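To start, the structure itself, in structure tokens.
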Amino acid sequence: MKVCERIFLERFRPFVTPFLDPFQFAYQSDRSCEDAILLILHKLYSHLEHSCRGHFARVTFFDFSSAFNTIQPHILVSKLKNMDVPGGFIHWILNYLTNRTQLVKLSHSCLSDVILSNTGAPQGTVLAPFLFTLYTYDARSLEQGCSLIKFADDTAMIGLVNGNGDEAYLRQIQSFVNYCDLNFLQLNVAKTKEMIIDFRHNTNPPPPVVVKGSVVDRVTSYKYLGVC
């Protein structure tokens, strides 16, 4: 099956490449997790050089609950149509994602009933991660001073804050939360973390990030893409 998926992906990718998010670093040629990390560091340090002007930075690292399992085929199909993907590819993907049989096997004689799954993408497949990047291709930052950096489902929201306050950052956080709700993406607030990077002294901490009524934990270090 994986051979078939790779053949399909080779022919399918050229149609969607022009629409991929430039801040999505997974499953694209000449891009890697190191590039995502370096971009984050570059944005942060370039901004913090002006800390004497009241500049500091906030970064929220979002965690999803079973990201690939929450893909809604009808939403993905709608987005592929917006990219003008040929119908044959869309029908193939829809068939790939829907009416999948599932069961639980505990032993040779202990099997659950077979059910049909019409949500999510099969785990451990070649296509699932790439389809997720397409599913979230339109999750982007629109607020000035904010960037949404993605590596598949590993997502970091950067807010470069100046003396005018961090309202734009907080608005962008809420906008992303609303986007997740509209696209049936489940945020794991308990595992979502925020870091404050501030070289100034004797300053009051900014207001916390609140997601769905829960305050996001604030940490002093975070392992992003396997790098601490």
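For the sequence shown, UniProt numbering assigns the number 1 to the initial residue and increments by one for each residue that follows.
Don't be surprised by glycine CBs; every beta carbon is placed ideally from N, CA and C.
A quick note: this is a predicted structure, and the numbers were derived from the prediction, not measured.
Judged by DSSP secondary structure, Ser107 falls within the beta strand (DSSP E) whose first and last residues are 105-107. In the assembly as shown, Thr220 is an exposed residue. Its beta-carbon has fewer than 16 other beta-carbons within 10 Å. The segment 88-144 is shown to contain whole beta strand (DSSP E) runs of 3 or more residues at 100-102, 105-107, 115-117, in chain order. Shortest Cα-Cα distance from Pro208 to any of Asn202, Asp217, Leu76 involves Asp217. With distances taken between CA atoms, Glu167 lies nearest to Cys146 out of Cys146, Pro73, Phe130. One alpha carbon belongs to Glu143, the other to Gln102, and they sit about 42 Å apart.
According to the DSSP assignment, Arg58 belongs to no alpha helix (DSSP H) but to the beta strand (DSSP E) extending over 56-62. Secondary structure at Gln28: coil, using DSSP grouped into helix, strand and coil. When DSSP states are grouped into helix, strand and coil, Ile196 belongs to the strand group. Judged by DSSP in its simplified three-state form, Asn202 adopts coil rather than helix or strand.
The residue among Cys110, His42, Tyr135, Asn99 with its C-alpha nearest the C-alpha of Phe68 is Tyr135. Per DSSP, Lys2 is one residue of the alpha helix (DSSP H) stretching across 2-16. Each of Leu148, Tyr224, Ile90, Phe62 was checked against the Cα of Val215, and the nearest Cα belongs to Phe62.
As computed with DSSP, Asn162 is found in a beta bridge with Gly165. In the three-state DSSP reduction, Leu225 falls in the coil class, being neither helix nor strand. Taking 8 Å as the cut-off, the beta carbon of Tyr222 is found closer than this to the beta carbon of Met195. Within the DSSP secondary-structure output, Ser214 pairs in a beta bridge with Val211.
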